[in-house]
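> This is the structure I want to talk about, given as structure tokens.
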Amino acid sequence: MSRARCVGRAENSFRAVRLLAEATGQGGRPVPTSCFALRSVSVVVFALVVGALTGCAHFFHESPRGEADRVGLVFPERLSRGCVFYLTGVAGECGTDRFLIEALKRAELDLGVVVYDWTDLQGGRRSNLQSYEEHRVQAQRIAERIITYQQLNPGKPVHLLGYSGGGAMAAFVLESLPPEHAVDSAIMLAPVVAPEYDLSRAMAGCRGPIYCFYSSLDVGALMLCTTLMGNMDGYKGRAAGAVGFVPPSHLTAAEQEAYRRRLIQVGYDSRMLAAGHLGGHYGWTNPWFVSQWIVPLLRDRPVEPAATTAALPVAAH
């Protein structure tokens with residue numbers, strides 16, 4: 001399958017989902033109770049479409065890429081006013097990422113968006129999960145781009161947003177940023193990293209809140225697959241994107257307090273179902289969910305989490 005054909009299928013599928021959204025009254029407007037059944041059907045169709053699109057991921061890059069091929073820009077004319085750096089999942093830029101990016105486009109944020117595909121699809125998803133040294137190389141390159149942006153646009157807001165493997169990369173990028181170049185906020189959607197991964201270093205790279213969105217219903221990707229193939233930090237077992245982060249037992253009292261104060265964990269709950277998120281791995285990029293839950297964070301409007309780190313125990317070893 002050619003890249004053009006795959007991209008065409010993604011665009012056509014998104015148009016179909018958009019029509020379903022319009023038919024069911026989505027887009028931030030209240031939905032009458034009588035429409036709930038039709039909306040539920042549209043959500044299921046959305047999930048099936050996204051699942052099919054992920055199979056296209058391996059056709060987006062048919063040869064080794066240079067650095068320029070990794071980066072895409074959305075609203076470049078707005079970069080002088082602020083920026084969102086978006087990091088793709090382990091499959092590389094594909095249909096799921098395009099849904100999320102489309103939602104950011106429609107949100108009319110007064111921010112530019114830099115899409116960074118950190119993966120090397122020649123090795124596939126397993127390679128992207130297990131290339132630990134390459135993760136650090138890419139994290140450093142992304143950090144350097146953020147620093148360059150800040151130097152060219154001093155004082156402008158910078159947000160870091162990562163989905164799945166990109167959520168883990170977001171933590172690695174924060175670790176690579178010096179405190180004087182910390183970003184304003186970071187959002188990790190279903191991060192593929194161990195629950196006990198130490199975020200204390202990452203917190204130094206973010207002056208504002210760090211959000212972790214997780215779902216215990218994400219069994220296939222973030223429980224089964226991460227147990228068999230491992231997370232992006234090498235840990236084999238459930239990912240933080242399935243159960244949330246747990247403060248490691250070796251943290252100092254000050255670091256534990258930073259976890260409770262700075263890390264905002266948002267577990268999947270029934271409110272997200274109304275936004276088209278069924279609880280699985282791909283629901284985090286659903287345009288309806290992104291517009292209602294993620295975009296407000298980029299506008300500095302906090303969400304009301306169902307669970308936070310204050311309710312989580314310290315990890316025992």
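1 is the number of the first residue of the sequence shown in the numbering used here; add one for each residue after it. Glycine is no exception: its CB is placed at the ideal position from the N, C-alpha and C atoms. The structure displayed is predicted, hence computed values, not measured ones.
On the DSSP bridge list, what partners appear for A186?
As a first step, residue 186 must be located in the sequence shown, where it is residue number 186. L160 and I210.
> Excluding the 5 residues flanking L73 on each side, which residues of the same chain have their C-beta closer than 8 Å to its C-beta?
Sequence index remark: in the sequence shown, residue 73 carries index 73 (1-based). Only L79, G112, V113, V114 and V115 meet the Cβ criterion.
> When the Cα atoms are used, what is the spatial distance from I147 to L160?
Numbered from its first residue, the sequence shown carries residue 147 at position 147. Numbered from its first residue, the sequence shown carries residue 160 at position 160. Going from the Cα of I147 to the Cα of L160 covers about 13 Å.
> On the DSSP bridge list, what partners appear for G267?
The residue labelled residue 267 in the question sits at position 267 within the sequence shown. The partner list for G267 (beta bridge, DSSP) reads Y214.
> At the level of alpha carbons, what is the spacing between M272 and L251?
Against the sequence shown, residue 272 aligns to sequence position 272. Against the sequence shown, residue 251 aligns to sequence position 251. Their Cα atoms are separated by approximately 33 Å.
> Compare the beta carbon distance of D233 and Y163 with 9 Å and say whether it is the shorter of the two.
Against the sequence shown, residue 233 aligns to sequence position 233. Against the sequence shown, residue 163 aligns to sequence position 163. No, these two residues do not count as a Cβ contact at 9 Å.
> What is the rounded straight-line gap between the Cα of V193 and the Cα of K236?
In the sequence shown, the residue the question calls residue 193 occupies position 193. In the sequence shown, the residue the question calls residue 236 occupies position 236. Each residue's alpha carbon lies about 9 Å from the other.
> Pull up the distance between the alpha-carbon of T226 and that of A190, whole angstroms please.
Taking the sequence shown and counting its residues from 1, the one referred to as residue 226 is at position 226. Taking the sequence shown and counting its residues from 1, the one referred to as residue 190 is at position 190. Roughly 12 Å between the two C-alpha positions.
> According to DSSP, simplified to helix, strand and coil, what is F245?
Here residue 245 refers to the residue found at position 245 when the sequence shown is read from its first residue. Coil.
> Identify which residue in V90, I101 and M229 has its Cα closest to the Cα of W288.
Position 288 of the sequence shown, counting from 1, holds the residue named residue 288. Of V90, I101 and M229, the residue nearest in Cα terms is I101.
> If G167 and V90 are in contact, beta carbons under 8 Å, what's the gap, nearest whole angstrom?
For this step, residue 167 is matched to residue 167 along the sequence shown. For this step, residue 90 is matched to residue 90 along the sequence shown. With 8 Å as the limit, G167 and V90 do not qualify as a contact, their Cβ atoms being about 10 Å apart.
> For G220, which residues of its own chain have a beta-carbon under 8 Å away from its beta-carbon, when the five flanking residues on both sides are left out?
For this step, residue 220 is matched to residue 220 along the sequence shown. Result list for G220: G280 and H281, in chain order.
> Can you tell me whether E180 is buried or exposed? The criterion is at least 16 other CB atoms within 10 Å of its CB, across all chains shown.
Indexing the sequence shown from 1 puts residue 180 at position 180. The residue is exposed, with fewer than 16 neighbouring Cβ atoms inside 10 Å.
> Would you give the residue range spanned by the beta strand (DSSP E) that G72 belongs to?
Here residue 72 corresponds to residue number 72 of the sequence shown, with the count starting at 1. First-last of the beta strand (DSSP E) with G72: V71 to V74.
> In the structure shown, what three-state DSSP assignment does V113 receive?
Working through the sequence shown from its first residue, we reach residue 113 at position 113. In this structure, V113 counts as strand in the three-state DSSP scheme.
> For the alpha helix (DSSP H) that contains Y132, what are its first and last residues?
As a first step, residue 132 is located in the sequence shown; it is residue number 132 there, counting from the start. First-last of the alpha helix (DSSP H) with Y132: Y132 to L152.
> Output yes or no for whether 9 Å exceeds the beta carbon distance between A242 and S270.
To locate residue 242, count along the sequence shown from 1; it is residue 242. To locate residue 270, count along the sequence shown from 1; it is residue 270. It is not a contact, given that the beta carbons lie outside the stated cut-off.
> Here's a check: name, in chain order, each residue in its chain whose Cβ is nearer than 8 Å to the Cβ of A254, leaving out the five neighbours to either side.
By one-based count along the sequence shown, residue 254 stands at place 254. Same-chain partners within the cutoff: there are none.
> Taking the CB atoms as reference points, tell me whether V84 and L298 lie closer together than 9 Å.
On the sequence shown, residue 84 is found 84 positions in, with the first residue counted as 1. On the sequence shown, residue 298 is found 298 positions in, with the first residue counted as 1. Yes; because the gap between Cβ atoms is below 9 Å, this pair is in contact.
> Just to confirm, are C206 and L174 a CB contact at a threshold of 9 Å?
Your numbering for residue 206 matches position 206 in the sequence shown. Your numbering for residue 174 matches position 174 in the sequence shown. Yes; because the gap between Cβ atoms is below 9 Å, this pair is in contact.
> Is the distance from the Cβ of M188 to the Cβ of A240 below 9 Å?
If you number the sequence shown from 1, residue 188 lands on position 188. If you number the sequence shown from 1, residue 240 lands on position 240. It is a contact, given that the beta carbons lie within the stated cut-off.
> Please report the straight-line C-alpha distance between L278 and D97, rounded to a whole angstrom.
Mapped onto the sequence shown, residue 278 falls at position 278. Mapped onto the sequence shown, residue 97 falls at position 97. Roughly 17 Å between the two C-alpha positions.
> Going along the chain, which residues of its own chain have a beta-carbon closer than 6 Å to the beta-carbon of R238, five neighbours each way excluded?
Against the sequence shown, residue 238 aligns to sequence position 238. Excluding residues within five positions, the ones whose Cβ falls inside 6 Å are M223.
> Flag this pair as yes or no: are the beta carbons of E196 and V137 separated by less than 9 Å?
Reading the sequence shown from its first residue, position 196 is the one you call residue 196. Reading the sequence shown from its first residue, position 137 is the one you call residue 137. No, these two residues do not count as a Cβ contact at 9 Å.
> At the level of alpha carbons, what is the spacing between I210 and A170?
Working through the sequence shown from its first residue, we reach residue 210 at position 210. Working through the sequence shown from its first residue, we reach residue 170 at position 170. Roughly 10 Å separates the two Cα atoms.
> For the alpha helix (DSSP H) that contains I84, what are its first and last residues?
In the sequence shown, residue 84 corresponds to position 84, counting from 1. Inspection of the sequence shows that residue 84 is occupied by Val rather than by Ile. From DSSP, V84 is part of no alpha helix (DSSP H) but of the beta strand (DSSP E) over C83 to L87.
> Who are the near neighbours of A275 in its chain, counting only those whose CB is closer than 6 Å to its CB and skipping five residues on each side?
Counting from one through the sequence shown, the residue named residue 275 turns up at place 275. Result list for A275: W288, F289 and Q292, in chain order.
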